Amino acid sequence: MERLASYLCDRWQSGAGDGTPLNSAVDGSVLASASSEGLDLGTALRHARDVGGPALRALTFRQRSAILSALSKAIRDERDGLLDVAAANMGATRGDAKFDVDGASGTLAFYAALGEQLGDRTYLLDGDEVRLARSPRWVGQHVQVPRRGVAVHINAFNFPAWNMAEKVATALLAGMPVLAKPGTATALLSVRIAERWLASGTLPAGAFSLLIGSVGDLLDHLGPQDCVVFTGSGSTGQKVKGHPNVLRNGVPVNVEADSLNACVIGPDLAPGGATFTMAVGEIVRELSQKAGQKCTAIRRIFVPAALEAALLEAIDDRAATMAVGDPLAHETTVGALSTRQQFHDVQQGMAAMEAAGLQRAWSYGGEVPEGGFHVAPRLYRSDAGVDAPFVHDHEVFGPVAAILPYDGSVAAAAALVARGGGSLVSSIFSDDEAFGAALALEIAPWCGRVYWGSEKVSDSATGHGAVLPGTVHGGPGKAGGGEELGGVRGLHFYMQRTALQGDAALLKRALGA
Ligand code: NAP
Numbered sequence: 011m012e013r014l015a016s017y018l019c020d021r022w023q024s025g026a027g028d029g030t031p032l033n034s035a036v037d038g039s040v041l042a043s044a045s046s047e048g049l050d051l052g053t054a055l056r057h058a059r060d061v062g063g064p065a066l067r068a069l070t071f072r073q074r075s076a077i078l079s080a081l082s083k084a085i086r087d088e089r090d091g092l093l094d095v096a097a098a099n100m101g102a103t104r105g106d107a108k109f110d111v112d113g114a115s116g117t118l119a120f121y122a123a124l125g126e127q128l129g130d131r132t133y134l135l136d137g138d139e140v141r142l143a144r145s146p147r148w149v150g151q152h153v154q155v156p157r158r159g160v161a162v163h164i165n166a167f168n169f170p171a172w173n174m175a176e177k178v179a180t181a182l183l184a185g186m187p188v189l190a191k192p193g194t195a196t197a198l199l200s201v202r203i204a205e206r207w208l209a210s211g212t213l214p215a216g217a218f219s220l221l222i223g224s225v226g227d228l229l230d231h232l233g234p235q236d237c238v239v240f241t242g243s244g245s246t247g248q249k250v251k252g253h254p255n256v257l258r259n260g261v262p263v264n265v266e267a268d269s270l271n272a273c274v275i276g277p278d279l280a281p282g283g284a285t286f287t288m289a290v291g292e293i294v295r296e297l298s299q300k301a302g303q304k305c306t307a308i309r310r311i312f313v314p315a316a317l318e319a320a321l322l323e324a325i326d327d328r329a330a331t332m333a334v335g336d337p338l339a340h341e342t343t344v345g346a347l348s349t350r351q352q353f354h355d356v357q358q359g360m361a362a363m364e365a366a367g368l369q370r371a372w373s374y375g376g377e378v379p380e381g382g383f384h385v386a387p388r389l390y391r392s393d394a395g396v397d398a399p400f401v402h403d404h405e406v407f408g409p410v411a412a413i414l415p416y417d418g419s420v421a422a423a424a425a426l427v428a429r430g431g432g433s434l435v436s437s438i439f440s441d442d443e444a445f446g447a448a449l450a451l452e453i454a455p456w457c458g459r460v461y462w463g464s465e466k467v468s469d470s471a472t473g474h475g476a477v478l479p480g481t482v483h484g485g486p487g488k489a490g491g492g493e494e495l496g497g498v499r500g501l502h503f504y505m506q507r508t509a510l511q512g513d514a515a516l517l518k519r520a521l522g523a
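Counting the sequence shown from 1 gives a position; this note's numbering is that position plus 10.
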């Protein structure tokens, strides 16, 4: 059985002990094991800081962009093999695996192109010069310079390719070395990608480290110039934020956590119309893709009471082509949950919804194979609105969502969205401009992204659940309060914004502005 190694101090190193098994999501068999026991993480961070940091900071954005291009190409060149690994280790269908793997190479390519535009600088100018006194010579100019530490990336199990690549893209372009720690259960795909990246020969020494297995004492070794970007459950995110050494050193922590994303059906929609059909397609896709294991998946559906029956009927019609099964089989549209733990958690979550009094509104009616981590998609319902039990407070991280009828008003829809306590994304499906505009701005403070689906974009919109590098990803409150991506905004977390005050002429020359 393969023992997955970590890449620290520019060499592969294996942890001690039996390690944690990585299971096949299809039949539960053990594919590999991982351990970080006994690895010297303090030395690994020092190496990245002292060797990788200076090497990256010496490069211009354009030169860093060339590294990202090579990393993107390394994934594309190995695409088919990586898709197979995703199916075995994660239960991902080919479509799910592409979403992860192509998302990884695409995001790297996006940031490579951005780096080209940023050109031959090594840091960012932030805004224009600001006059600060009567004399026009005394001015301020904000700059953003790369932090002098290591960007520690702690990732969730559900996107072992994209999650690692989107963070690597922004940190390396900003000029910070990375230590990536994938979710252990699905780390096989991250390891295979890291092997391709290292084989590409384009990463400067110390610029990239990979920790496989538990996080160990990593956080104890962080210093004031390091930062942490965390994706995972809210409870683990809180532990990271509240870690004594993180607090002591003021280490910036960006958290992307679980999220009770919403979908609002506008009262203007007619069953069978383009926008209504678009909404139904999104709901079914969000239940199916990655078997619902997406941080952006729709968990709460708010529908005007008069449209509820038509919505359920349309979902049932659309779901006729849904097939739960072997992720490797061509006809499968809903693969397996990624891990045994996930399988238990989702079963427990559905039992808790039923115990709380939610009614089953729709269930997948086909066969569900036994032996792997397969779950039949399901929708629950409640008439209790903002008082509905469970659904506004708990994420069931699988193919499960709840439908709640509302009175069709902006105020009621907004209150329901807000009741989730902060979401990564909420969607509105409406062709009523007044309704859509009022609701979008009303719910914006509760959402990192608002997705407005309407008739004229029904065949071109990119999808409720798709995270695109040009717009920000993250969300307030329960969603963690973090922000990633969003073009050049994605670099800012890795950089210190400093106000330089001085003689306008000296500053201009110093900054080459
Ligand atoms: P998790 O259990 O919180 O684990 C996330 C990461 O944290 C893993 O790498 C895990 O390592 C590590 N970890 C565990 N204990 C830690 C500790 N005490 N200190 C530091 N790191 C620690 O979450 P998950 O089960 O992998 O992911 C599912 C959750 O992630 C869902 O709630 C989902 O909504 C959320 N998610 C959010 C986003 C987003 O962008 N907002 C994206 C994807 C997923 P091990 O694997 O070694 O335990």
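Positions of the beta carbon are idealized from the N, C-alpha and C atoms, including for glycine. Bear in mind that the values here come from a model prediction, so they are computed numbers and not experimental data.
With DSSP collapsed to three states, give me the class of S200. Reading the sequence shown from its first residue, position 190 is the one you call residue 200. Helix.
Confirm, please, whether the CB-CB distance from R157 to W148 is below 9 Å. Counting from one through the sequence shown, the residue named residue 148 turns up at place 138. Counting from one through the sequence shown, the residue named residue 157 turns up at place 147. Cβ distance not < 9 Å, so W148 and R157 don't count as in contact.
What separation, rounded to the nearest whole angstrom, lies between the Cα atoms of D227 and L51? On the sequence shown, residue 227 is found 217 positions in, with the first residue counted as 1. On the sequence shown, residue 51 is found 41 positions in, with the first residue counted as 1. One C-alpha to the other measures close to 7 Å.
Can you grab the Cα-Cα spacing for the pair Q10 / D28, in whole Å? A query on residue 10 cannot be resolved here, the shown segment of the chain reaching from 11 to 523 and no further.
How many Å lie between V239 and A316 at the Cα? The sequence position of residue 239 within the sequence shown is 229, counting from 1. The sequence position of residue 316 within the sequence shown is 306, counting from 1. If I take the Cα positions, the gap works out to 44 Å.
Closest residue to F109 among V401, A175 and G490 (Cα-Cα distance): Translated into the one-based positions of the sequence shown, residue 109 becomes position 99. Closest option to F109, Cα to Cα, is A175.
Exposure label - A346; buried when at least 16 CB within 10 Å: As a position in the sequence shown, residue 346 is number 336, starting the count at 1. Flag for A346 reads buried.
Between the Cα of V261 and those of Q511, W207, K251 and G473, spot the shortest distance and give me the residue it belongs to. In the sequence shown, residue 261 corresponds to position 251, counting from 1. When only C-alpha atoms are compared, the closest one is K251.
In the DSSP assignment, find the unbroken beta strand (DSSP E) run with F353 in it and report its ends. Numbered from its first residue, the sequence shown carries residue 353 at position 343. F353 -> not in any beta strand (DSSP E); alpha helix (DSSP H) instead, spanning R350 to A365.
By the 10 Å Cβ neighbour count, where 16 or more other Cβ atoms means buried, how is L257 classified, buried or exposed? Your numbering for residue 257 matches position 247 in the sequence shown. Classification of L257: exposed, given that the 10 Å Cβ count is below 16.
Taking the alpha-carbon positions, what's the G431 to G475 distance? Translated into the one-based positions of the sequence shown, residue 431 becomes position 421. Translated into the one-based positions of the sequence shown, residue 475 becomes position 465. Approximately 19 Å, taken between the alpha carbons.
Would you mind reading off the limits of the beta strand (DSSP E) that contains G27? On the sequence shown, residue 27 is found 17 positions in, with the first residue counted as 1. That residue, G27, is in no beta strand (DSSP E); it is neither H nor E in DSSP.
On the DSSP bridge assignment, give the partners of Y121 in chain order. Here residue 121 refers to the residue found at position 111 of the sequence shown. Beta-bridge pairing links Y121 to no other residue.
Just mark K177 as buried or exposed, buried being the case when its beta carbon has 16 or more other beta carbons within 10 Å. Sequence index remark: in the sequence shown, residue 177 carries index 167 (1-based). Looking at its Cβ environment, which holds 16 or more other Cβ atoms inside 10 Å, K177 is buried.
Give the secondary structure of E88 by DSSP, where H, G and I count as helix, E and B as strand, and everything else as coil. Residue mapping note: residue 88 aligns to position 78 of the sequence shown, counting from 1. Reduced to three states, the DSSP call for E88 is coil.
On the CB-based measure, 16 or more other CB atoms within 10 Å of its CB, does V378 come out buried or exposed? The residue labelled residue 378 in the question sits at position 368 within the sequence shown. V378 is exposed by the Cβ-count criterion.
Helix, strand or coil: how does DSSP classify Q235 here? For the purposes of this step, residue 235 is taken as the residue at position 225 of the sequence shown. In the structure shown, Q235 sits in coil (DSSP, three-state: anything other than H, G, I, E or B).
Please report the distance separating the alpha-carbon of A514 from that of P254. Sequence index remark: in the sequence shown, residue 514 carries index 504 (1-based). Sequence index remark: in the sequence shown, residue 254 carries index 244 (1-based). Roughly 42 Å separates the two Cα atoms.
Please classify D397: does DSSP put it in a helix, a strand, or coil? Numbered from its first residue, the sequence shown carries residue 397 at position 387. DSSP places D397 in helix when its eight states are reduced to three.
Looking at the unbroken beta strand (DSSP E) that takes in F218, where does it start and where does it end? Taking the first residue of the sequence shown as position 1, residue 218 is located at position 208. Start and end: F218 to L220.
Closer than 9 Å to chain C by CB, G242: The structure shown has no chain C; it contains just one protein chain.
Hey, P105 and Q299: beta-carbon distance below 9 Å or not? Start at 1 with the first residue of the sequence shown, and residue 105 comes out as number 95. Start at 1 with the first residue of the sequence shown, and residue 299 comes out as number 289. The sequence as given places Gly at residue 105; Pro does not occur at that position. A contact, by the Cβ cut-off of 9 Å.
Cβ-heavy atom distance, I164 to the ligand NAP, below 8 Å: By 1-based counting over the sequence shown, the position of residue 164 is 154. Checking the Cβ of I164 against the ligand NAP gives yes.
Using three-state DSSP, classify T508 as helix, strand or coil. Taking the first residue of the sequence shown as 1, we reach residue 508 at position 498. Strand at T508.
Taking the straight line between their C-alpha atoms, what separation do you get for Q154 and E266? Walking along the sequence shown from the start, residue 154 turns up at place 144. Walking along the sequence shown from the start, residue 266 turns up at place 256. In this model, Q154 and E266 are separated by some 23 Å (Cα to Cα).
Could you round the C-beta distance between A166 and V188 to whole angstroms and report it? I think they count as a contact, below 8 Å. Residue mapping note: residue 166 aligns to position 156 of the sequence shown, counting from 1. Residue mapping note: residue 188 aligns to position 178 of the sequence shown, counting from 1. With a beta-carbon spacing of about 17 Å, A166 and V188 fall beyond the 8 Å limit used to define contacts.
Can you tell which of A361, A307 and F383 has the C-alpha that lies nearest to the C-alpha of V334? Numbered from its first residue, the sequence shown carries residue 334 at position 324. Nearest C-alpha to V334: F383.
Smallest Cα separation from A386: which of T342, G418 and A422? Counted from its first residue, the sequence shown places residue 386 at position 376. Nearest to A386 by alpha-carbon distance, out of T342, G418 and A422, is T342.
My output table needs one value for K191: the three-state DSSP class, helix, strand or coil. Within the sequence shown, residue 191 is the residue found at index 181, counting from 1. Under the three-state reduction of DSSP output, K191 falls in the strand class.
Out of A84, S145 and L229, which one is the CA nearest neighbour of G512? Here residue 512 corresponds to residue number 502 of the sequence shown, with the count starting at 1. When only C-alpha atoms are compared, the closest one is S145.
Can you tell me whether T285 is helix, strand or coil according to DSSP? Here residue 285 is taken as the residue at index 275 of the sequence shown, counted from 1. Residue state, collapsed to three classes: helix.
Got a sec, what are the start and stop residues for the alpha helix (DSSP H) Q248 sits in? To locate residue 248, count along the sequence shown from 1; it is residue 238. Unbroken alpha helix (DSSP H) run through Q248: G244 to K251.
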